[in-house]
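Enquirer: Right, I'll just put the structure down here and ask away after.
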Amino acid sequence: MQVRRLSAIVGLPLLASLLYLCLSCSEQGSAPVEMDWCLADSGNVISNGFELRDGRVTGINLATVKDETVPAKLLALQDLETLRLTTQAFDTLGADAISSQLTKLNELCIRLEPLSENDQGTVTLNDYQRLLTLPHLKKLTVEILELNEDRDTHPARSISSLEQLDAAINLQSQLSSILSSLKLKRLRLQLTRDSRPLDVQDLQEINRQSDLESFTLFGPTLITFPGQPQVEPARIDFRQLKGLSRLQELSLCNVHFDPQGLLQLPQLKRLTIRECQLEASSFAVLLEHPSLQKIVVLGCTNEDLNLTRPLPPVDTKLKQIDLQMVSLAELKMFANVNCDLHVTLGNMNSERYLERFFCSLGDSIPQVGAPELQQLDQLKTMSEFELLHSVSGRIEPAILVRLAVLPGLRSLVVDGANLEKTMARLPPVDRLPRLQHLSLLTYPGPASGVLNQLLQPELRSLSLRSSRPREKQPFNPWKGLSVAPLSQLQQVELSDYRFLESGSRIPKQFLSPSLKQITFEFCDLDRDCLKQISAQAPRLKKFRMSGQSAISQESDLLLLNRFTNLEQVDLFDSDVTAKIAFQLQSRHVRIGGEEMFQW
150 MQVRRLSAIV
160 GLPLLASLLY
170 LCLSCSEQGS
180 APVEMDWCLA
190 DSGNVISNGF
200 ELRDGRVTGI
210 NLATVKDETV
220 PAKLLALQDL
230 ETLRLTTQAF
240 DTLGADAISS
250 QLTKLNELCI
260 RLEPLSENDQ
270 GTVTLNDYQR
280 LLTLPHLKKL
290 TVEILELNED
300 RDTHPARSIS
310 SLEQLDAAIN
320 LQSQLSSILS
330 SLKLKRLRLQ
340 LTRDSRPLDV
350 QDLQEINRQS
360 DLESFTLFGP
370 TLITFPGQPQ
380 VEPARIDFRQ
390 LKGLSRLQEL
400 SLCNVHFDPQ
410 GLLQLPQLKR
420 LTIRECQLEA
430 SSFAVLLEHP
440 SLQKIVVLGC
450 TNEDLNLTRP
460 LPPVDTKLKQ
470 IDLQMVSLAE
480 LKMFANVNCD
490 LHVTLGNMNS
500 ERYLERFFCS
510 LGDSIPQVGA
520 PELQQLDQLK
530 TMSEFELLHS
540 VSGRIEPAIL
550 VRLAVLPGLR
560 SLVVDGANLE
570 KTMARLPPVD
580 RLPRLQHLSL
590 LTYPGPASGV
600 LNQLLQPELR
610 SLSLRSSRPR
620 EKQPFNPWKG
630 LSVAPLSQLQ
640 QVELSDYRFL
650 ESGSRIPKQF
660 LSPSLKQITF
670 EFCDLDRDCL
680 KQISAQAPRL
690 KKFRMSGQSA
700 ISQESDLLLL
710 NRFTNLEQVD
720 LFDSDVTAKI
730 AFQLQSRHVR
740 IGGEEMFQW
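Number 282 in our numbering belongs to position 133 of the sequence shown; there are no gaps in the numbering.
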């Protein structure tokens, strides 16, 4: 009896241990699956990738299929929630296989990424309607969806679960063929060059989407998708969309419209007009809208906006106007506006800047000097200012300092500009900058003397690029930096800093206990760098490596497991293996090519 009782007592800890292991296994989910196949194309312009949530593979990006075993490996991941594909990868997998085997998908993105000028991948209407049968699908992106007259097309049998549709369409048949079975909250339509114009029936179909909260319409442009050499802008009459009573966000690109019609949308809060032309009425009508809170104007001249006189002060709910890719001459019309102004001067590169699709390029500005600074000083309510992409000429460090101390300015971004080297002393200023966000992505990077004047304790977000030619001798980019600790800093982004090559380290002033996010782009790191971050910024929530940043040994990344609050790790465009991704304890891990994660 005593022996039996002793055995029972000894067995209790064993049972407890087994129970703990069972519970632990159930919490951690299944064992890691083999995912090296998904990273095998590393180094391409557009690369594959995957994401983990709590150790489970929940997302796949597939740009190319080079191995015939890849489709079977992907389709075996039946718990996938997010799938991003090029049209080439979609053609390999097929709509039938996706809809029948990946039934837990809630987001599917199919994008046209031509590998040559002859690539014109499309998705048929039959394939589209097959994808709508996915029972949990909430968001679908399709480029290019062919809407031709097709008698073999089978209409959807019931209302889809889809809430958001992003579609670039070659519109030839009626729009009802893609919208009739949907009750959407968000809709984006991009018309290709070969599309016919929207007609009354199309607008009636959009008007039936009475639950719509966000609507984006892109007219055809010459550099979006292949097609005819000449295009006409889209036109839309918002008086025919009175049924969109819940619409809160509206974004238009290359569209001609009368802004008076927007007064029919009683819940509209945010409006974006990009390279549009206003007809019949002027931009001033928008200041009368009863619910509009924010307007973004991108690449529109005063002539496009029908503005012939300065705008009056605002006496409605309008709180903010963003003027992006405009010239200094255009700004004069907004000098009297008493709401918050965010201004961007410069030009767009051939990249998806504001929205997901390409649009035409803006004009560059010749230089930024004292006369331009004087004009900017007239905008008394300007809180954010950007110089963006290929600003010609050079910008003197003294101009940066004077920009930073403009009254009311809280955010300063300089991206892609040449920062002139000068031995002259920086000018004295009668007040200190009160910036909360500073981004200097210049060529070369700012010297310590400039940073000593610009970096103040109120700063919340900081982005810096070194961008120096290769030095014969190791160069310490932080030599002479004497700023006080940035005690409120929450985000840091460092680009082109060769910490190992230069023997330098991240300035301790940047690593405060308040830091939540750190990003390295084109940097080299080692174990000591990660130890320094964990010692000085223990509350980090997001760690990001991109732009072919390198780590001396990939196993050093496991030091990130020291951060108990770490929620997300991004390892983009690196040589880190899938094995390391599975060993990271962050709840959300993304690894692979960066571009597809931005789709």
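Glycine included, each C-beta is placed from N, C-alpha and C at the ideal position.
#1: What does residue 737 pair with, by DSSP beta-bridge criteria?
#2: Measuring alpha carbon to alpha carbon, tell me which residue in 424, 655 and 437 is nearest residue 448.
#3: Considering residue 678, what are the terminal residues of the alpha helix (DSSP H) in which it resides?
#4: Unbroken alpha helix (DSSP H) runs of length 4 or more, entirely within the region 621-646: which are they?
#5: Would you mind working out which of 695, 747, 738 and 415 sits nearest residue 202, comparing C-alpha positions?
#6: Measure the alpha-carbon distance for residue 392 versus residue 495 and round it to whole angstroms.
#7: Would DSSP call residue 245 helix, strand or coil?
#8: Would you report the Cα separation of residue 601 and residue 723, rounded to the nearest angstrom?
#9: If you draw a straight line from the alpha carbon of residue 243 to that of residue 295, how long is it in whole angstroms?
#10: Near residue 701, which residues of its chain fall below 6 Å by C-beta distance, leaving aside the five closest residues on each side in sequence?
#11: Taking 7 Å as the threshold (C-beta atoms), are residue 592 and residue 616 in contact?
#12: Taking only the alpha-carbon atoms, compute the straight-line gap between residue 749 and residue 387 and give it to the nearest angstrom.
#13: Give the DSSP bridge partners of residue 692, in chain order.
#14: With residue 315 as the anchor, note down where its beta strand (DSSP E) starts and where it stops.
#15: For a test of your reading of the model: does the CB of residue 599 fall under 6 Å from any non-hydrogen atom of the ligand ATP? Yes or no.
#16: Could you check the C-alpha separation between residue 532 and residue 400 for me, to the nearest Å?
#17: Nearest CA to the CA of residue 289: which residue from 341, 314 and 325?
#18: Nearest by alpha-carbon distance to residue 747: which of 695, 712 and 603 is it?
#19: For residue 285, does the count of other Cβ atoms within 10 angstroms reach 16, so buried, or fall short, so exposed?
#20: Count the CB pairs spanning the region 662-672 and the region 639-650 that are closer than 8 Å, and state whether there are at least three.
#21: Measuring only the C-alpha atoms, how far is residue 228 from residue 271?
#22: Less than 7 Å between the beta carbons of residue 138 and residue 188, yes or no?
#23: Under 8 Å, with one C-beta from each stretch per pair, do the region 514-529 and the region 474-481 reach the 3-pair mark?
#24: Does the distance from the C-beta atom of residue 611 to that of residue 630 stay below 7 Å?
#25: Bridge partners of residue 405, per DSSP?
#26: How about residue 624 and residue 645: are their beta carbons less than 7 Å apart?
#27: Between residue 492 and the rest of its own chain, which residues show a CB-CB distance below 6 Å, the 5 nearest in sequence each way excluded?
#28: Going by other Cβ atoms of all chains shown within 10 Å of its Cβ, with 16 needed for buried, is residue 350 buried or exposed?
#29: Can you list, in chain order, the residues of its chain whose CB lies under 6 Å from that of residue 432, leaving out five sequence neighbours each side?
#30: So, is residue 218 buried or exposed, given that buried needs 16 or more other C-beta atoms within 10 angstroms?
#31: Let me know if residue 698 comes out buried or exposed under the rule of 16 or more other beta-carbons within 10 Å of its beta-carbon.
#32: Between the beta-carbon of residue 715 and the beta-carbon of residue 729, is there less than 7 Å?
#33: State yes or no: is the C-beta of residue 383 within less than 7 Å of the C-beta of residue 407?
#34: Leaving out the 5 sequence neighbours to the left and right, which residues in its chain are closer than 6 Å to residue 179 when beta-carbon positions are compared?
#35: On the DSSP bridge list, what partners appear for residue 258?
#36: Relative to the alpha-carbon of residue 554, which residue among 564, 574, 537 and 529 has its alpha-carbon at the smallest distance?
Expert: Taking the coordinates as given:
#1: 202 and 717
#2: 424
#3: 676-685
#4: none
#5: 738
#6: 38 Å
#7: helix
#8: 33 Å
#9: 16 Å
#10: 675
#11: yes
#12: This structure gives no information on residue 749, because the portion of the chain shown stretches from 150 to 748.
#13: 667 and 718
#14: 313-320
#15: The ligand ATP is not part of this structure, which contains no ligands at all.
#16: 23 Å
#17: 314
#18: 695
#19: exposed
#20: yes
#21: 27 Å
#22: The displayed coordinates of the chain run from 150 to 748. Any statement about residue 138 would go beyond what the structure contains.
#23: yes
#24: no
#25: 384 and 426
#26: no
#27: 472, 531 and 534
#28: exposed
#29: 454 and 456
#30: exposed
#31: buried
#32: no
#33: no
#34: With a pLDDT of only 47 at residue 179, under the threshold of 50, the placement of this residue in the model should not be trusted; the figure read from the coordinates follows. Nothing meets the Cβ criterion.
#35: 233 and 290
#36: 529
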